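Residue numbers (the UniProt record's numbering): 1 to 459.
Some notes on the structure that comes next.
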Amino acid sequence: MTSDTTAALRARVAELFPALQADLEALVRIPSVSAAAFDQAHVAASAAATERLLRDAGLPDVQILSAPRPDGTPGAPAVVARRPAPEGAPTVLLYAHHDVQPPGDAATWDTDPFEPTQVGERLYGRGAADDKAGIVAHLGALRALGLPDGADLPVGVTVFLEGEEESGSPSFRAFLEAHRDLLAADVIVVADSTNWKVGVPALTTSLRGLVDGVVELKVLEHAVHSGMFGGAVLDAVTLMSRLVATFHDEAGDVAIEGLVAAPEPEVDYDEAAFRADSSLLDGVSLAGTGTVSGRLWAKPALSVIGMDVTSVAEASNTIAPSCTAKVSLRLAPGQDPAAADEALAAHVAKHAPFGAQVTWRSGEQGKPFLAPGDTAAMRAARAAFTEAWGTAPVDVGVGGSIPFIADLLEVFPDAAILVTGVEDPDSRAHGANESVHLGELQKVVLAEALLLTQVGEGL
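Set out below in structure tokens:
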């Protein structure tokens with residue numbers, strides 16, 4: 001691509017950006033939480049809003065579709081919009097998701113989570129970064145390349161906006177298989193990851209997989225008086241604590257037998273930057289061994305993400321008979337999720353304290369992802385990112401999981417998959433005060449427009 005092309009697209013994106021920001025703000029106002037406990041009418045409203053945006057952008061074929069989940073219930077609405085490829089040109093699938101995480105405790109937010117608020121260069125709100133900014137990135141790139149008339153769009157484009165990614169994508173595989181012909185593409189761009197930092201882009205080349213489940217521990221048939229029976233019987237919360245303590249060794253590395261680790265990454269995460277980005281309190285030591293980036297991207301990580309115990313407000317002098325904990329295990333690239341699930345089940349059975357009855361109930365499973373290091377599509381993306389930011393992108397791993405990428409690879413084995421993103425270390429996706437850096441979002445729009453141009457010129 002020529003410098004004139006880049007300059008023209010840069011000017012066009014700058015001109016379009018105020019309207020794109022307004023579109024993002026309108027999407028953030030829709031509380032499209034896909035978790036079952038929330039009103040799913042908002043997810044339907046979000047799908048309808050994104051359908052209108054894509055239709056108004058000039059994509060001639062826009063549909064709201066769904067597929068059944070494994071339990072037979074209907075999946076959340078997804079939006080698919082298409083523009084056929086010019087003769088002999090490739091097709092690019094642009095993925096993002098329009099559902100969001102629950103907002104959590106409103107008291108932990110500095111602003112209303114569903115009222116987008118700009119503070120400096122950042123726009124705050126649930127979904128502002130994850131992943132409604134991904135929708136706007138795709139929309140902006142298409143507008144920059146001439147939609148609605150499409151005069152400068154050199155490739156075929158399919159936009160796929162999922163509606164249940166934040167709930168584990170339960171109908172994703174069925175959706176791919178039901179609409180295989182509709183979604184088939186030469187290059188797939190998944191805009192649901194992060195950049196290295198503000199001012200430095202990244203391509204995500206590895207993702208950890210995921211296994212989660214519930215541990216239930218029982219020690220009594222029913223609660224008993226702590227004074228009458230305490231001393232000879234330990235309560236279930238104490239015993240669960242002892243079990244949970246076996247999940248890690250003294251250094252903080254995961255101590256589950258049978259789990260694998262990947263090679264150390266080439267790029268490291270500065271410890272001081274990590275401490276700031278993660279909001280780690282002063283005096284708290286980092287867990288684990290090896291480089292910080294290796295601990296985040298190349299090793300398993302286990303967290304207890306929930307526990308059912310008697311609340312302090314409702315506490316009485318009784319010994320709790322049972323306790324339940326939800327466990328989330330992130331898997332290193334190369335780890336089979338089924339084997340990891342079996343390892344967890346074996347571990348909790350082996351380490352049941354004082355003979356307590358321990359049961360493992362398997363939950364969600366997702367495969368890790370490791371991208372080929374040097375492909376034509378990766379080279380095109382690196383060139384586009386370098387033009388947009390003025391600095392070369394960093395190849396990074398991500399400690400989080402996007403399990404459906406494994407499904408994309410299996411259903412479309414010949415497609416090149418690029419994992420990009422709009423987030424940065426301060427975006428706080430899934431947490432309170434989620435935000436997107438607007439200057440970075442503008443660069444993401446430009447980079448995607450340049451990437452589509454580059455793919456159209458030939459990989």
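Heads up, the beta-carbon is just placed ideally off N, CA and C, and yes, glycines get one too.
Keep in mind the model is a prediction, meaning the values are calculated, not measured.
Mark residue i as exposed unless 16 or more other C-beta atoms lie within 10 angstroms of its C-beta, in which case mark it buried.
{"i": "residue 439", "result": "exposed"}
{"i": "residue 312", "result": "exposed"}
{"i": "residue 170", "result": "buried"}
{"i": "residue 354", "result": "exposed"}
{"i": "residue 437", "result": "buried"}
{"i": "residue 108", "result": "exposed"}
{"i": "residue 319", "result": "buried"}
{"i": "residue 75", "result": "buried"}
Based on the DSSP output, what are the partners of residue i in its beta bridges?
{"i": "residue 423", "result": "194"}
{"i": "residue 118", "result": "123"}
{"i": "residue 213", "result": "327 and 362"}
{"i": "residue 156", "result": "91"}
{"i": "residue 248", "result": "254"}
{"i": "residue 204", "result": "396 and 419"}
{"i": "residue 74", "result": "68"}
At which residues does the alpha helix (DSSP H) containing residue i begin and terminate?
{"i": "residue 55", "result": "41-56"}
{"i": "residue 21", "result": "3-28"}
{"i": "residue 313", "result": "Neither: residue 313 is in no alpha helix (DSSP H) and is coded neither H nor E."}
{"i": "residue 186", "result": "Here residue 186 belongs to no alpha helix (DSSP H), and DSSP marks it neither H nor E."}
{"i": "residue 292", "result": "292-297"}
{"i": "residue 61", "result": "Note, residue 61: premise wrong, no alpha helix (DSSP H); beta strand (DSSP E) at 61-65."}
{"i": "residue 275", "result": "271-278"}
{"i": "residue 135", "result": "132-144"}
{"i": "residue 173", "result": "172-178"}
{"i": "residue 226", "result": "226-229"}
Which value, in whole angstroms, describes the spacing of the CA atoms of residue i and residue j?
{"i": "residue 309", "j": "residue 219", "result": "14 angstroms"}
{"i": "residue 32", "j": "residue 77", "result": "11 angstroms"}
{"i": "residue 64", "j": "residue 47", "result": "7 angstroms"}
{"i": "residue 329", "j": "residue 204", "result": "20 angstroms"}
{"i": "residue 151", "j": "residue 374", "result": "31 angstroms"}
{"i": "residue 131", "j": "residue 192", "result": "6 angstroms"}
{"i": "residue 393", "j": "residue 273", "result": "18 angstroms"}
{"i": "residue 126", "j": "residue 228", "result": "50 angstroms"}
{"i": "residue 246", "j": "residue 212", "result": "17 angstroms"}
{"i": "residue 85", "j": "residue 59", "result": "12 angstroms"}
{"i": "residue 459", "j": "residue 254", "result": "42 angstroms"}
{"i": "residue 113", "j": "residue 391", "result": "33 angstroms"}
{"i": "residue 26", "j": "residue 415", "result": "33 angstroms"}
{"i": "residue 176", "j": "residue 239", "result": "44 angstroms"}
Measure the Cβ-Cβ separation of residue i and residue j and say whether it is below 8 angstroms.
{"i": "residue 291", "j": "residue 268", "result": "yes"}
{"i": "residue 332", "j": "residue 262", "result": "yes"}
{"i": "residue 429", "j": "residue 133", "result": "no"}
{"i": "residue 154", "j": "residue 370", "result": "no"}
{"i": "residue 226", "j": "residue 317", "result": "yes"}
{"i": "residue 140", "j": "residue 419", "result": "no"}
{"i": "residue 144", "j": "residue 16", "result": "yes"}
{"i": "residue 187", "j": "residue 99", "result": "no"}
{"i": "residue 182", "j": "residue 80", "result": "yes"}
{"i": "residue 447", "j": "residue 388", "result": "yes"}
{"i": "residue 57", "j": "residue 142", "result": "yes"}
Output the boundary residues of the beta strand (DSSP E) element that contains residue i.
{"i": "residue 91", "result": "91-97"}
{"i": "residue 360", "result": "357-366"}
{"i": "residue 82", "result": "78-83"}
{"i": "residue 437", "result": "435-437"}
{"i": "residue 100", "result": "No beta strand (DSSP E) contains residue 100, which DSSP labels as neither H nor E."}
Between residue i and chain C, is any beta-carbon pair separated by less than 8 angstroms?
{"i": "residue 7", "result": "The chain inventory of the structure shown lacks chain C, comprising one protein chain alone."}
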